[in-house]
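Undergrad: Numbering (numbering that gives the first Met the number 0), first residue to last: 0 to 135. Heads up, the beta-carbon is just placed ideally off N, CA and C, and yes, glycines get one too.
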Amino acid sequence: MTSLEFQPDNKMMGLDFLMLLQRAIGITPDDLFVYTEKTIPFGPEEPITRGQAMSILADVMTLAGFGADLTAEEESALIKDFSDLEGIDEKLKSDAALLIKLGVFQGKDNKLMAPDDIMTSAEAAATLLRLLKSIQ
0 MTSLEFQPDN KMMGLDFLML LQRAIGITPD DLFVYTEKTI PFGPEEPITR
50 GQAMSILADV MTLAGFGADL TAEEESALIK DFSDLEGIDE KLKSDAALLI
100 KLGVFQGKDN KLMAPDDIMT SAEAAATLLR LLKSIQ
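#1: Does the stretch 45-57 touch the stretch 72-85, meaning 3 or more C-beta pairs lie closer than 8 Å?
#2: Between T119 and K10, what straight-line distance do the alpha-carbon atoms span, to the nearest angstrom?
#3: Output needed for T48: all residues of its chain with C-beta closer than 7 Å, excluding positions within five of it in sequence on either side, in chain order.
#4: Assign Q51 to buried or exposed, taking buried as 16 or more other Cβ atoms, counted over all protein chains shown, within 10 Å of its Cβ.
#5: Quick check on S93: buried or exposed, where buried means 16 or more other Cβ atoms within 10 Å of its Cβ?
#6: When we look at the beta-carbon of F5 and count the other beta-carbons within 10 Å, is it buried (16 or more) or exposed?
#7: Residue range of the alpha helix (DSSP H) that I55 falls in?
#8: Just to check my reading of the structure: A63 and I24 have Cβ atoms closer than 8 Å, yes? What is that Cβ distance to the nearest angstrom?
#9: Beta-carbon within less than 6 Å of P7's beta-carbon, same chain only, minus the 5 sequence neighbours each way: which residues are those?
#10: Locate the alpha helix (DSSP H) running through L98, then write down its first and last residues.
#11: Could you name the residues of the same chain whose beta carbon sits closer than 8 Å to that of L127, not counting the 5 residues immediately before and after it, in chain order?
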């Protein structure tokens, strides 16, 4: 396999995820740089977790006008099936609920959102495809 071939099980690196997102939705590299420098808690050559990706995607969707003011009841209903979202940061819960509602982010087969798991290239590609479908 060459370095140019898609390797779906590889870890998604932070910079690679941000570059894919930038290309997918057309934000400028300058916008992305300013945003990421202030908010992203990982280095560009470090793998991105599913939770970090959720935070980035929810913020980008909100900035693009696709956010939703969900009530606490709506958020609870959207995340109730994912036991691993209990006890996590409230912002991440809200981000997950928004992305679930928009159809952008999905849980794993075992009904876990797995926010601490490293995102794979396949998960990133599928998530960005769903993001593009949700904004059309």
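TA: Quick look at the numbers:
#1: no
#2: 5 Å
#3: P114, D115, D116, I117 and M118
#4: buried
#5: buried
#6: exposed
#7: R49 to L62
#8: 7 Å
#9: S120 and A121
#10: E89 to L101
#11: L19, L20 and A23
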